[in-house]
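Here's the structure we're looking at; comments come further down.
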Amino acid sequence: MEFYCVKCKQKVKVLDSDVTSEVKSNRKLLRAKCPNCGTRMAKFGKLN
Ligand SMILES: [Zn+2]
Numbered sequence: 156m157e158f159y160c161v162k163c164k165q166k167v168k169v170l171d172s173d174v175t176s177e178v179k180s181n182r183k184l185l186r187a188k189c190p191n192c193g194t195r196m197a198k199f200g201k202l203n
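If you use the working numbering, the sequence shown corresponds to residues 156 to 203, in order.
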């Protein structure tokens, strides 16, 4: 899964198993840590 890291200023790939998700305001919020710098990243995904 791809996330955008604001610190690396590029998209980084994160393993699906390293992504956590929570439902917020009817949207799915995905969280992961950048494998390069450890910065926390988040993005909204689709509710399945
Ligand atoms: Zn990074």
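Think of the CB as a built atom: it goes at the ideal place given N, C-alpha and C, for glycine as much as any other residue.
This structure is a prediction, so every number in the text was calculated from the model and none was measured.
DSSP three-state assignment for S172, whether helix, strand or coil: By one-based count along the sequence shown, residue 172 stands at place 17. Residue state, collapsed to three classes: helix.
Closer than 5 angstroms: residues whose CB approaches a heavy atom of ligand 1: Counting every residue whose Cβ lies closer than 5 angstroms to a heavy atom of ligand 1, we get C160, K162, C163, C189, N191, C192 and T194.
Spatially closest choice to K164 from L185, L184 and N191, by CA coordinates: Numbered from 1 along the sequence shown, position 9 holds the residue referred to as residue 164. For the residues L185, L184 and N191, the minimum Cα distance to K164 belongs to N191.
Span separating the alpha-carbon of D173 from that of K179: Numbered from its first residue, the sequence shown carries residue 173 at position 18. Numbered from its first residue, the sequence shown carries residue 179 at position 24. Between D173 and K179, the C-alpha separation is close to 19 angstroms.
Span of the beta strand (DSSP E), counted from its first residue to its last, around K183: Position 28 of the sequence shown, counting from 1, holds the residue named residue 183. Counting along the chain, K183 sits inside the beta strand (DSSP E) bounded by residues R182 to K188.
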